[in-house]
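Just below is one structure, and these are the notes that go with it.
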DNA sequence: TCTAATTTGTGCGTATGTATG
DNA sequence: GCATACATACGCACAAATTAG
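Residue numbers (this note's numbering), protein chains in the order written: chain L, 1 to 332; chain S, 1001 to 1332.
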């Protein structure tokens, strides 16, 4: 990694890019107090810049007290303590309430020295491509939630490799990038296993699974569990006027379906938690108090945001699985 | 074929001819992403135009996201796809689930020919100022939710006057701008009046009101209603280990407090809708099925988004109050 | 001690976009 | 449409300090 790097596509003024890249080098400990910076002439020559542009950057750093000059010798690092302003590109799939916890905890953990811009691709690859292309070069970090979109890997690879983080979904083509994601296969399997004692009083598992929006791993883990423990099962894409048979357990990723199932159960006078079981995805405060509480399989989005921020601040590059658990309540 | 060409006999305004000829050049691949446009001075000189005319054209192209400027260098092609007629700057206060409906209905009603970028000021005037300044000039419309921040008016006034829309809050200093907002005073007053028959079986109204986050009008309307109909009342900033007396009605803008109140009522074995009343703010699907349904005062955020989009598409400049209503359910 | 090469420091001119009146 | 001040970027010339030979 070089001390100075500039990108002509970047809309940031060149002298500011130089300032930023030197600050980054110091923050990442590639430059330490007393180290000599590359000379003005060298930098100008290497990047085909005017001497004055480089000079402007060095003067700026001098003004901020980060470096000092010795006439006839060179520029040297004076201080390692300053706050580096980060600009973060955060690309979500869609606007929904589960992003709220993630965003807030991420923002909080990044502290005041980060500006975070949020974008949504809405499961549209063209929008995805456009957003990535148009913002490439303008940010210090790129955090991307690719979800189940096809063709994302090629687009992501056009971004600066060291500044990209993958959120929420693992993907074979993106395994070189640091990431924090849910393991959907494992999560649903483990959750069902954790609730197996309670599942025994039911005789059929039904997954409400609209395939475009939900990650395929969910289905895979569900099938794996049903196979292993010989449960009768069904996968339906939607819950519309679907009568409920006593002894069924519904696994419901979407909250609108959850409301439908509860209302249907009530209209059939079926006791939730006795004759019908419900497992919902993603915990929200209200689920604690619906009926006798709704059992949820829940990834801790708050933790996801915090861990992501730490990974960025400490420059660690890991592939982490975000913890998920079964929160047992009265509905199972 | 030149990049820019204008025809004085043409009735089309000169700046629009420039816009059109550059768009054509891009469409015909004579200009590609990253290419430099002829400088403002050159074009002005070549066609004997005022610098301002050329500037107007280039600014128009910038607003549409087709080109961008590098200070001291020139204008460059940013995007080769410019089916997008509108680029919209949407500045929210904070990320929360009620924005979801608003955003989705707005996006839907704007149709495919709009790109919407979302930002959050998090109730911080410095962040607000920075976001507005940095993006001033890059968008065709600016939609802003100023909330209760002081000093926003001066910042907003730096934006192009005809392209600004105010969301969710009215403000005396911003009354010249088109807006769609809740009338918090009227909404809570009318809602309570609508539910007055049911309120009669209770003897005290309690508003849980953390003053920093909630609009002051809410408190004003509450007090007005209590005064007019001689209700005993109390305003508390938080609900922490607050014992419930039978006969109390809680008006709860925040959902975490809602959960606390429900749990407290249950632990005191008080029947919600009989001995304790609850009115919650903002409807969500789950509130239909909590207890026997939670009565909510709810602005239709979905309608707000749709109306906003229509206002923009039809270039109407009105100050509208968004409709709000009391959704009566079992909790009152 | 002299010289050449390297480096910082200073000054001036020109071109371009940005902002304001 | 015109004028003016300002920020960014590039290029050239020259002075002053340091270092290596």
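Don't be surprised by glycine CBs; every beta carbon is placed ideally from N, CA and C.
Collapsing the DSSP output to three states places residue 1090 of chain S in a strand. For residue 131 of chain L, the enclosing alpha helix (DSSP H) covers residues 125-135. Nearest to residue 1319 of chain S by alpha-carbon distance, out of S:1290, S:1134, S:1182 and S:1035, is S:1182.
The three-state secondary structure of residue 257 of chain L, taken from DSSP, is helix. Straight across, the Cα-Cα distance linking residue 1143 of chain S with residue 223 of chain L is about 46 angstroms. The beta-bridge partner set that DSSP reports for residue 299 of chain L consists of L:324. The three-state reading of DSSP puts residue 264 of chain L in helix, counting H, G and I together. If you draw a straight line from the Cα of residue 147 of chain L to the Cα of residue 1283 of chain S, it is about 28 angstroms long.
At a cut-off of 7 angstroms, the C-beta of residue 1212 of chain S has no neighbouring C-beta in chain L. Shown in chain order are the members of the stretch 1042-1068 of chain S whose Cβ falls below 9 angstroms from a Cβ of chain L: 1065 and 1068. Using a 10 angstroms sphere on the CB of residue 1071 of chain S, the tally of other CB atoms stays under 16, which defines it as exposed. In its chain, beyond the 5 residues on either side, 184 and 185 have a beta carbon closer than 6 angstroms to the beta carbon of residue 217 of chain L. As the crow flies, the alpha-carbon of residue 1110 of chain S is around 30 angstroms from that of residue 1188 of chain S. Annotation: residue 1008 of chain S to residue 54 of chain L spans about 45 angstroms, alpha carbon to alpha carbon.
For the pair of segments examined, the stretch 127-138 of chain L was found not to touch the stretch 94-101 of chain L: the number of CB pairs separated by less than 8 angstroms stays below three.
For the pair residue 30 of chain L and residue 178 of chain L, the CB atoms are not nearer than the 7 angstroms cut-off. Put simply, of L:168, L:175 and L:229 the residue whose alpha carbon is nearest the alpha carbon of residue 195 of chain L is L:229. The DSSP-derived three-state label of residue 1176 of chain S is coil. Taking 7 angstroms as the cut-off between beta carbons, the residues of the stretch 1067-1097 of chain S near chain L are 1068, 1070, 1071, 1078, 1079, 1081, 1095, 1096 and 1097, in sequence order. In the structure shown, the three-state DSSP call for residue 229 of chain L is coil. No Cβ of chain L is located within less than 7 angstroms of the beta carbon of residue 1274 of chain S. Closest in C-alpha terms to residue 145 of chain L, from the list L:325, L:139 and L:174, comes L:174. The Cβ atoms of residue 1313 of chain S and residue 1106 of chain S do not sit closer than 7 angstroms to each other. The beta carbon of residue 285 of chain L sits closer than 7 angstroms to some beta carbon of chain S. For the pair residue 1321 of chain S and residue 1165 of chain S, the Cα-to-Cα distance works out to about 13 angstroms.
A Cβ-Cβ contact shorter than 7 angstroms links residue 203 of chain L with residue 247 of chain L. In the DSSP assignment, residue 103 of chain L falls within the alpha helix (DSSP H) that extends over 98-110.
Sequence-ordered contacts of the stretch 1015-1041 of chain S with chain L read 1034 [C-beta pairs closer than 7 angstroms]. Neighbours of residue 290 of chain L in chain S, taken as residues at a C-beta separation under 9 angstroms, are given in chain order as 1286, 1289, 1290 and 1291. By the Cβ neighbour-count rule, residue 17 of chain L is buried, with 16 or more other Cβ atoms within 10 Å of its own. Taken in chain order, the members of the stretch 1249-1260 of chain S whose beta-carbon sits within less than 8 angstroms of a beta-carbon on chain L are 1255, 1256, 1258 and 1259. Sequence-distant Cβ neighbours of residue 1305 of chain S in its own chain, meaning closer than 6 angstroms and more than five residues away, are 1102, 1105 and 1106. The secondary-structure analysis by DSSP pairs residue 234 of chain L across a beta bridge with L:206.
Residue 1225 of chain S is positioned such that its CB atom lies no closer than 7 angstroms to that of residue 1199 of chain S.
For residue 14 of chain L, the enclosing alpha helix (DSSP H) has its first and last residue at 14-27. Secondary structure of residue 1055 of chain S (DSSP, three-state): helix.
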